[in-house]
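Listed in order, the protein sequences are those of chains V and W. In short: position in the first sequence from 1, add 1, done, that's our numbering. In short: position in the second sequence from 1, add 1, done, that's our numbering. Following: one structure in structure tokens, then a few remarks.
There are 2 protein chains.
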Amino acid sequence: MHALLELPENLLSVQSFLADKIVEVESRFDEQLVSALPPVSALCAHIERYRGKMLRPTLVLLCGLATRADASQTLDADHITLAAVTEMVHMATLVHDDVLDEAEVRRRGLTVNKLRGNEAAVILGDFLIASSYHLCSQTRRPEAALVIGRASMDMCEGELLQLHHRENFSIDETTYEAIVRRKTGALIGASCRLGGLASGAAAEVCDALDAFGLHLGAAFQIQDDLLDLTGRERVVGKSVGQDAKTGKLTLPVIHHLVNADNAQRLETVRLLDLLAEQADGVDARDLAGALDTTGSIEHARREAVDRVEQAKSCLACLGKSDAKSLLEFLTKAVVDRAF
Amino acid sequence: MHALLELPENLLSVQSFLADKIVEVESRFDEQLVSALPPVSALCAHIERYRGKMLRPTLVLLCGLATRADASQTLDADHITLAAVTEMVHMATLVHDDVLDEAEVRRRGLTVNKLRGNEAAVILGDFLIASSYHLCSQTRRPEAALVIGRASMDMCEGELLQLHHRENFSIDETTYEAIVRRKTGALIGASCRLGGLASGAAAEVCDALDAFGLHLGAAFQIQDDLLDLTGRERVVGKSVGQDAKTGKLTLPVIHHLVNADNAQRLETVRLLDLLAEQADGVDARDLAGALDTTGSIEHARREAVDRVEQAKSCLACLGKSDAKSLLEFLTKAVVDRAF
Numbered sequence: 002m003h004a005l006l007e008l009p010e011n012l013l014s015v016q017s018f019l020a021d022k023i024v025e026v027e028s029r030f031d032e033q034l035v036s037a038l039p040p041v042s043a044l045c046a047h048i049e050r051y052r053g054k055m056l057r058p059t060l061v062l063l064c065g066l067a068t069r070a071d072a073s074q075t076l077d078a079d080h081i082t083l084a085a086v087t088e089m090v091h092m093a094t095l096v097h098d099d100v101l102d103e104a105e106v107r108r109r110g111l112t113v114n115k116l117r118g119n120e121a122a123v124i125l126g127d128f129l130i131a132s133s134y135h136l137c138s139q140t141r142r143p144e145a146a147l148v149i150g151r152a153s154m155d156m157c158e159g160e161l162l163q164l165h166h167r168e169n170f171s172i173d174e175t176t177y178e179a180i181v182r183r184k185t186g187a188l189i190g191a192s193c194r195l196g197g198l199a200s201g202a203a204a205e206v207c208d209a210l211d212a213f214g215l216h217l218g219a220a221f222q223i224q225d226d227l228l229d230l231t232g233r234e235r236v237v238g239k240s241v242g243q244d245a246k247t248g249k250l251t252l253p254v255i256h257h258l259v260n261a262d263n264a265q266r267l268e269t270v271r272l273l274d275l276l277a278e279q280a281d282g283v284d285a286r287d288l289a290g291a292l293d294t295t296g297s298i299e300h301a302r303r304e305a306v307d308r309v310e311q312a313k314s315c316l317a318c319l320g321k322s323d324a325k326s327l328l329e330f331l332t333k334a335v336v337d338r339a340f
Numbered sequence: 002m003h004a005l006l007e008l009p010e011n012l013l014s015v016q017s018f019l020a021d022k023i024v025e026v027e028s029r030f031d032e033q034l035v036s037a038l039p040p041v042s043a044l045c046a047h048i049e050r051y052r053g054k055m056l057r058p059t060l061v062l063l064c065g066l067a068t069r070a071d072a073s074q075t076l077d078a079d080h081i082t083l084a085a086v087t088e089m090v091h092m093a094t095l096v097h098d099d100v101l102d103e104a105e106v107r108r109r110g111l112t113v114n115k116l117r118g119n120e121a122a123v124i125l126g127d128f129l130i131a132s133s134y135h136l137c138s139q140t141r142r143p144e145a146a147l148v149i150g151r152a153s154m155d156m157c158e159g160e161l162l163q164l165h166h167r168e169n170f171s172i173d174e175t176t177y178e179a180i181v182r183r184k185t186g187a188l189i190g191a192s193c194r195l196g197g198l199a200s201g202a203a204a205e206v207c208d209a210l211d212a213f214g215l216h217l218g219a220a221f222q223i224q225d226d227l228l229d230l231t232g233r234e235r236v237v238g239k240s241v242g243q244d245a246k247t248g249k250l251t252l253p254v255i256h257h258l259v260n261a262d263n264a265q266r267l268e269t270v271r272l273l274d275l276l277a278e279q280a281d282g283v284d285a286r287d288l289a290g291a292l293d294t295t296g297s298i299e300h301a302r303r304e305a306v307d308r309v310e311q312a313k314s315c316l317a318c319l320g321k322s323d324a325k326s327l328l329e330f331l332t333k334a335v336v337d338r339a340f
């Protein structure tokens with residue numbers, strides 16, 4: 002979120018406050034991963050390169066700010082710690098995802114599995130999960146530990162469900178939603194909830210923040226689906242067309258397969274097979290062309306915008322504040338982004 | 002520990018009490034892994050087949066019993082929960098170890114990776130880790146969560162250290178001890194500590210129990226090393242000669258390579274290479290024969306017995322009780338076992 006442009010003038014001061022706090026989150030993150038063992042430190046150092054948008058920590062901090070008892074109150078050590086925890090859980094999933102997808106590049110650098118082998122990558126991912134849980138427990142807040150534990154379980158359930166339906170061309174939008182809710186939504190929802198929790202917000206406010214994060218996560222995932230289909234590699238910063246290559250069905254594809262006539266459906270399934278086989282002469286643009294015949298890309302765009310609106314409506318329980326305005330601004334940015 | 006034979010008469014009642022409690026631990030374990038998603042439940046059901054000696058939960062319960070304020074006090078729900086947690090953390094490492102070792106058989110059944118692929122096995126392991134943390138946090142004891150988090154980190158560090166030294170023929174006993182302390186000792190130490198913690202034992206008693214577990218874990222690992230070299234497959238219940246095959250240096254091999262003369266050392270390194278390549282005509286018995294020339298198998302046996310004695314001396318802080326006697330009995334059984 003550092004690179005957020007065109008922010009309204011009145012939000013610049015909260016953005017600058019946030020940027021300072023994110024630096025503290027990064028330090029907390031790095032401190033937790035210090036190891037007395039050189040081979041472990043070397044691997045952890047590599048992880049720092051993975052740092053990206055810092056969406057989850059940003060949400061912990063902003064939800065923490067937006068639920069303070071009064072505007073003069075600042076964020077405390079628990080907000081910083083819990084923000085670092087959410088990023089560490091996210092990093093662990095990236096490291097393991099790269100093993101599962103046999104990915105070679107992440108954020109323009111080589112993946113741990115490519116560089117040091119699958120074994121090191123699996124164990125490093127486990128180390129990150131264990132470290133995140135240990136860091137979370139340092140706040141001595143059992144409620145926070147339960148939230149992180151539950152979100153981590155949900156993420157795995159989402160991954161297992163996705164794996165179960167891989168290359169299942171008759172998956173429906175309900176199943177897609179069940180996967181995304183767990184795989185992407187759960188940790189984003191948990192991040193928002195933890196911000197409220199650390200500020201001592203009421204249970205119903207924490208629930209609303211969690212619901213906000215679930216919708217935001219869904220919008221975020223659908224936008225990722227769209228960028229993988231229609232984005233430009235140099236702008237997105239990672240390979241496009243990966244979903245078709247790894248047999249993951251995305252919202253536009255699912256909508257298309259349900260709504261296409263039989264001939265078109267067969268044609269698209271053939272194209273998906275070719276893309277999965279990485280056959281020459283076909284790419285994501287061919288798929289995007291097919292999906293347009295049923296208005297499926299437009300459908301997914303509308304769905305993402307819809308989820309953004311639902312997310313925003315969950316913020317109604319919050320009083321007016323710059324933090325709330327920035328949350329709303331970021332929410333909209335999720336579907337406007339081209340990267 | 003169910004199958005413990007030749008237990009002194011006076012310990013039969015505590016053993017029977019323990020057997021009932023282990024059934025409760027198993028129920029707690031299974032309850033935590035119930036999932037609303039059929040593909041997740043199916044994988045978790047497979048995990049039940051992995052249940053083995055239940056060493057870690059047994060230690061939680063026995064250390065819990067041995068540190069009760071008075072002998073009339075029983076074990077409570079937290080002892081049962083924490084016992085289930087230690088077994089779940091252990092299970093997670095077994096599932097991931099089988100992926101890393103490309104193992105096909107575990108406890109006479111097929112491994113998850115063999116049956117359902119590496120992807121499912123990596124995610125299932127992650128699910129078990131997350132579930133164990135979530136279960137641990139249900140006790141609302143931040144201290145317990147920190148112990149489990151730290152032990153899990155240590156285990157990963159031990160694995161990474163072992164991976165770093167794979168096929169390094171000049172590794173010394175200090176490095177071996179550093180690996181074993183983390184890989185095997187940490188969770189066994191944590192299990193003993195958690196038993197004391199749940200009984201409200203003093204900090205120095207918990208520390209002594211942890212130290213007891215570290216020594217016990219080392220003895221256990223050395224005995225495993227020996228069984229992999231000299232055990233009979235049908236008795237051990239898993240393939241023997243695996244350590245040489247996967248390039249893991251064990252205590253007898255390390256002692257031998259340090260103490261053999263140059264010619265013998267070269268000969269043994271050649272043999273280790275052949276075993277790693279799974280060449281025809283050589284097996285673990287050839288290696289055992291070479292190790293005998295420097296008395297290295299005997300050295301490892303003495304070391305295991307020595308660690309058992311050190312473990313027992315850590316129990317000096319405990320008052321006399323049947324639970325303490327059973328702990329001492331089990332400690333000795335670790336180096337007497339043939340499986």
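Beta carbons: idealized from backbone N, C-alpha and C, even for Gly.
Under the Cβ distance rule, glutamate 160 of chain W counts among the residues neighbouring chain V, one pair being separated by less than 8 Å. With 16 or more other Cβ atoms inside 10 Å of its own Cβ, alanine 191 of chain W counts as buried. Valine 335 of chain W has its alpha-carbon roughly 10 Å from the corresponding atom of alanine 219 of chain W.
By the CB criterion at 8 Å, isoleucine 172 of chain V and leucine 250 of chain V fall inside the cutoff.
Nearest neighbour of glycine 248 of chain W by Cα position, chosen from W/Ile23, W/Phe30 and W/Arg271, turns out to be W/Arg271. For methionine 89 of chain W, the nearest beta carbon of chain V is not closer than 8 Å to its own beta carbon. Taking 8 Å as the threshold, the shortest C-beta distance from serine 171 of chain V to chain W does not fall below it. Distance between glutamate 160 of chain W and isoleucine 124 of chain V, taken at the CA atoms: about 7 Å. Rounded to the nearest whole angstrom, the CA to CA distance from glycine 53 of chain V to glutamine 222 of chain W is 41 Å. Residue contact check for valine 113 of chain V against chain W: no CB pair falls below 8 Å. In this structure, the straight-line span from the alpha carbon of leucine 198 of chain V to that of glycine 65 of chain V is close to 8 Å.
Taking C-beta atoms as the reference points, isoleucine 180 of chain W and leucine 217 of chain W fail to come closer than 8 Å. Residues Thr87, Glu88, His91, Leu188, Ile189 and Ser192 of the same chain have their beta carbon placed closer than 7 Å to that of arginine 57 of chain V, with the five preceding and five following residues left out of the count. Of the candidates W/Glu168, W/Thr332, W/Arg338 and W/Lys325, W/Lys325 places its Cα closest to the Cα of alanine 72 of chain W. Spatial neighbours of alanine 245 of chain V in its own chain (CB-CB distance under 7 Å, excluding positions within 5 residues in sequence) are listed in chain order as Leu273, Leu276, Ala277, Ala285 and Leu288. For aspartate 99 of chain W, none of the residues of chain V pass the 9 Å Cβ criterion, the least Cβ distance being about 11 Å. One alpha carbon belongs to glutamate 304 of chain W, the other to alanine 312 of chain W, and they sit about 12 Å apart.
Rounded to the nearest angstrom, the gap between the Cα atoms of leucine 292 of chain W and proline 253 of chain W is 7 Å. If you ignore the 5 residues before and after valine 241 of chain W, its C-beta comes within less than 6 Å of the C-beta of Asp229, Gly232, Glu234 and Ala285, all in its own chain and listed in chain order. When DSSP states are grouped into helix, strand and coil, arginine 151 of chain V belongs to the helix group. Listed by position along chain V, the residues whose Cβ is nearer than 8 Å to that of arginine 141 of chain W are Pro143. Between the region 133–143 of chain V and the region 101–111 of chain V, the count of C-beta pairs closer than 8 Å stays below three; the two stretches do not touch. In this structure, isoleucine 81 of chain V lies near arginine 29 of chain V, with their beta-carbon atoms less than 8 Å apart.
Going by C-alpha positions, leucine 76 of chain V is about 47 Å away from phenylalanine 170 of chain V.
Secondary-structure assignment with DSSP links valine 106 of chain V through a beta bridge to V/Leu111. Within chain W, Ile124, Asp127, Phe128 and Ala131 have C-beta atoms less than 7 Å from the C-beta of cysteine 157 of chain V, given in sequence order. Here the C-alpha atom of aspartate 102 of chain V lies approximately 35 Å from the C-alpha atom of aspartate 21 of chain V. Judged by their CB atoms, aspartate 307 of chain V and asparagine 11 of chain V are not nearer to each other than the 8 Å cut-off. DSSP, reduced to helix, strand and coil, places histidine 216 of chain W within a helical segment of the structure shown.
Take glutamate 168 of chain W, set aside five residues on each side of it, and the residues of its chain with a beta-carbon closer than 7 Å to its own are Gly248, in chain order.
Against glutamate 103 of chain V, chain W offers no close residue; the least beta-carbon distance is about 10 Å (beta-carbon pairs closer than 7 Å). The beta-carbon of serine 42 of chain V is placed no less than 8 Å from the nearest beta-carbon of chain W. For the options W/Ala261, W/Gln243 and W/Ala152, the alpha carbon positioned closest to that of glutamine 279 of chain W is the one of W/Gln243. In the three-state reduction of the DSSP assignment, glutamate 168 of chain V falls in the coil class, being assigned neither a helical nor a strand state.
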